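Numbering of the sequence shown is given in our numbering, commencing with residue 5 and proceeding in unit increments.
Even for Gly, the Cβ is constructed at its ideal location relative to N, Cα and C.
Just so it is clear, the structure is predicted and the values come from calculations on it, not from any experiment.
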Amino acid sequence: MGKSLRNRIIFIVAVLLVSVYGIIGIPKGGLKAALARNIHLGLDLQGGTHLVLQVQVAEALSHDTDKAVAQLQDDLTKAGVTGAMVTKLDPAHPETIHVSGIAPAKQGDARGVFNNGNYATYDVTNNADGSQSLTMKVGAIRDLETRALDQSIETIRDRIDKLGVSEPVIEKYGLGDNEILVELPGVEDPGHVQDIIQSTARLEIHEVTGGPYPTDQEAMTANPTGLPPDSMLVHGIGAPGTGDQVWMLKRVSVVAGTDFRDAQPSQDENARPDITFNLTTAAGDRFYKFTDEHKGTGQMAIILDNKVKEVATIQSAIRDTGRITGGFTSDQAKDLSMLLRTGSLPASITYLETRTVGASLGAASIRQGVMAAIIGMLVVMAFMLVYYRGAGINADLALVLNLVILLGFLGYSHATLTLPGIAGVILTIGMGVDSNVLIFERIREELRNGKTAAMAVQEGFKHAWVTIVDTHVTTIVSAAILFLFGTGPVKGFAVTLTIGLLANIFTAVLVSRVIFDSELKNKDRNAVLSI
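Shown next, in the form of structure tokens:
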């Protein structure tokens with residue numbers, strides 16, 4: 005046996021062993037358990053929950069401009085522009101900030117504030133009444149919406165990971181605006197997961213400016229000149245026995261969202277579940293300044309998911325640690341603290357589609373898919389044996405190795421096998437046969453032209469190689485497009501098809517050639533090839 009042939013055989017055996025290890029690893033608990041650990045099944049095979057969510061990015065825009073309102077008011081005061089009123093007048097256009105009450109002598113100082121780097125994303129317009137409007141630029145709005153979508157995906161992924169869902173799919177959904185696809189294989193309680201995903205868990209602390217009032221109408225009656233532009237009404241907890249109450253709060257929060265560094269479930273002095281939280285250094289300094297200025301008389305409201313959970317009188321300055329109470333159960337305190345640790349969603353989300361796939365349906369899909377693959381492979385192998393005789397064994401061995409390499413890759417990469425993925429496996433079998441047919445027919449042609457078996461094999465592989473690569477590359481490009489623009493199951497099809505085609509090139513060209521060379525190595529020049 006030549007050195008080159010021996011090295012190729014060693015390489016093929018090594019690839020086979022590595023692939024088998026990727027499929028079953030170190031068997032523990034039987035072959036079936038090993039396969040389950042290494043080959044991850046998708047939603048359509050394992051069962052689970054399919055969700056399509058839409059992020060309400062307009063809320064993220066409103067939160068961002070709320071912060072800009074507070075920052076601008078502070079910057080104008082520091083610049084000596086006293087008497088200025090910074091508000092958002094039109095709820096339908098949260099991208100626009102209105103500034104009024106600037107004295108003529110202070111217009112230059114105000115322009116200096118508007119032109120600094122903090123407001124580079126806004127266009128400034130002078131109004132006829134002497135006020136100014138700051139409108140966020142279209143490009144900045146698009147960037148903010150993109151960030152809100154990306155942050156929502158990352159936050160949802162963190163929450164799902166902490167729930168222990170195996171191999172979830174969480175990605176942008178290309179069929180609509182600001183939509184997210186979530187697939188959770190094996191989820192037994194989809195309702196709980198949906199609650200975890202949907203909760204914005206936006207914890208905010210606001211200054212209380214009025215209340216509590218029994219209803220919105222009474223809150224407005226108590227303020228005959230109308231609701232101040234920098235205030236808002238929020239429903240929530242009131243005095244014991246009063247039920248739902250209405251509070252008037254400063255619109256801009258003192259701390260919120262990413263200001264929270266950590267949160268953990270705990271218990272109060274009466275052993276009731278609650279949550280303790282810690283703020284970041286910058287937020288802690290800001291919170292200390294606020295509580296120090298309002299201690300003794302001021303009140304602050306803790307808002308969670310747009311509901312007042314607690315209202316407290318500020319007794320002393322607080323820097324970076326707080327506690328949330330509110331009649332939580334142990335599970336609620338655990339879930340809420342987890343949500344705060346993973347960060348709040350930048351905006352609320354709505355469910356556009358909810359679909360549950362039962363485990364029994366997934367098991368039936370596996371049985372039918374595997375049965376189709378086995379029957380298809382057996383029929384193809386039988387055809388190759390009948391039509392190409394001895395060379396058919398060569399093709400059948402290459403097909404088996406092709407399948408082993410494909411499954412081995414799925415095991416190593418932790419790629420998810422879906423029902424369309426099984427279809428990709430079946431298609432790969434067909435493509436593998438196609439490659440062998442090209443090679444074998446070319447060898448037959450060379451034999452008919454009077455060449456020896458060894459020369460016919462050499463020329464057959466040489467001339468068929470270009471055609472095989474060409475057909476496989478064009479199909480791989482198509483699969484790449486499916487992967488880039490398709491959703492979960494379609495991507496599963498694209499992955500298995502691509503890896504199967506690459507494995508097919510390896511087996512059809514290298515493995516088949518080595519088998520032919522091994523067969524002809526010890527035969528004389530006039531040996532007959534069974535093909």
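Nonlocal neighbours in the same chain, by C-beta distance under 7 Å from residue i, ignoring five residues either side
| i | result |
| --- | --- |
| Ala376 | Ile430 |
| Asn398 | Ser516, Ile519, Phe520 |
| Val191 | Gly52, Thr53, Val169, Val197 |
| Asp220 | Leu237, Val250 |
| Arg265 | Asn282, Leu283, Thr284 |
| Gln155 | Pro350 |
| Asp113 | Ala83, Gly84, Val85 |
Close-in-space but distant-in-sequence residues of the same chain around residue i (CB under 8 Å, 5 per side omitted)
| i | result |
| --- | --- |
| Val374 | Ile426 |
| Leu505 | Thr432, Met435, His476, Thr479, Ile480, Ala483 |
| Ile157 | Ile174, Glu175, Lys176, Ile184 |
| Ala321 | Tyr292, Thr295, Asp296, Lys299 |
| Leu451 | Ala457, Ala460, Leu533, Ile535 |
| Pro108 | Gly134 |
| Leu39 | Ile27, Ile28 |
Residue i versus residue j: straight-line alpha-carbon distance, rounded
| i | j | result |
| --- | --- | --- |
| Ser137 | Val103 | 6 Å |
| Glu523 | Gln50 | 44 Å |
| Ala132 | Val73 | 21 Å |
| Glu183 | Gly490 | 14 Å |
| Gln581 | Phe291 | Since the first residue shown for the chain is 5 and the last is 535, residue 581 is missing from the structure and cannot be characterised. |
| Thr150 | Gln462 | 56 Å |
| Gly380 | Asp474 | 25 Å |
| Ile370 | Ala152 | 38 Å |
| Thr139 | Thr129 | 8 Å |
| Ser235 | Thr280 | 28 Å |
| Pro218 | Asp79 | 37 Å |
| Asn453 | Pro189 | 57 Å |
| Asn122 | Leu148 | 15 Å |
| Thr333 | Ser270 | 11 Å |
| Leu382 | Asp438 | 15 Å |
| Asp94 | Thr69 | 12 Å |
| Lys92 | Leu76 | 12 Å |
| Gln352 | Ile160 | According to the sequence provided, residue 352 is Ser. The question's Gln does not apply to it. Straight-line Cα distance between these residues: approximately 12 Å. |
| Ala62 | Gln372 | 46 Å |
| Gly302 | Ser417 | 57 Å |
| His467 | Ser534 | 20 Å |
| Gly29 | Ala37 | 11 Å |
Cut-off 6 Å between Cβ atoms - residues of its own chain near residue i, not counting five sequence neighbours on either side
| i | result |
| --- | --- |
| Ile503 | Leu410, Phe413 |
| Phe487 | Lys495, Ala498 |
| Leu55 | Val186, Thr358 |
| Gly214 | Met252 |
| Gly326 | Phe281 |
| Phe15 | none |
| Ser23 | Val408, Ile409, Gly412 |
| Ile509 | His476 |
| Ala287 | Val259, Asp263 |
| Pro172 | Ile164, Leu188 |
| Thr511 | Ala402, Leu405, Asn406 |
Closest by C-alpha distance to residue i, when choosing among the options
| i | options | result |
| --- | --- | --- |
| Glu211 | Met140, Asp181, Gly195, Glu314 | Glu314 |
| Asp599 | Asn11, Thr354, Lys455 | In the structure displayed, the chain extends from 5 to 535; residue 599 sits before or after that span and is not available. |
| Lys141 | Asp154, Pro98, Leu153 | Pro98 |
| Ala260 | Leu283, Thr86, Arg12, Phe294 | Leu283 |
| Val574 | Ala152, Arg115, Met252 | Nothing can be reported for residue 574: it is not among the residues displayed for the chain, which extend from 5 to 535. |
| Val59 | Leu356, Gln75, Leu237 | Leu356 |
| Leu201 | Ile164, Val256, His239, Pro189 | One point to set straight first is that residue 201 is Ile, not Leu, in the sequence displayed. Minimum Cα distance to Ile201 is reached at Ile164. |
| Ala124 | Asn227, Gly29, Ala144 | Ala144 |
| Gly26 | Ile13, Thr301, Arg41 | Arg41 |
| Thr86 | Lys71, Lys110, Ile101 | Lys110 |
| Asn440 | Gly230, Leu401, Phe294 | Leu401 |
| Glu208 | Thr229, Leu237, Pro228, Ser257 | Ser257 |
| Gly84 | Val117, His67, Leu65, Thr91 | Val117 |
| Arg255 | Gln155, Ser66, Ala114, Glu297 | Ser66 |
| Thr500 | Ala460, Ala37, Asp272, Gly428 | Gly428 |
| Gly195 | Thr360, Leu20, Ala37 | Thr360 |
| Arg323 | Asn310, Gly396, Asp289 | Asp289 |
| Ala419 | Pro493, Val90, Met388 | Pro493 |
| Ala64 | Ala88, Leu57, Arg146 | Arg146 |
| Val513 | Asn526, Ala18, Ile472 | Ile472 |
Residue i: CB within 8 Å of a non-hydrogen atom of the ligand FMN
| i | result |
| --- | --- |
| Glu158 | The model on display carries no ligand, and the ligand FMN is accordingly not part of it. |
Meets three-Cβ-pair contact criterion under 8 Å: the segment 40 to 53 and the segment 418 to 438: yes
Unbroken stretches of the alpha helix (DSSP H), 4 residues or longer, contained in the segment 283 to 320: 285 to 298
Between the segment 382 to 395 and the segment 436 to 450, are three or more C-beta pairs nearer than 8 Å? yes
In the segment 339 to 425, which residue ranges form an unbroken beta strand (DSSP E) of at least 3 residues, counting only runs that do not cross its ends? Those beta strand (DSSP E) runs which fall completely within the segment 339 to 425 and span 3+ residues are 353 to 361.
Extract the residue ranges of the alpha helix (DSSP H) inside the segment 29 to 102, only unbroken runs of 4 or more that lie entirely within it. 35 to 42, 47 to 50, 61 to 82
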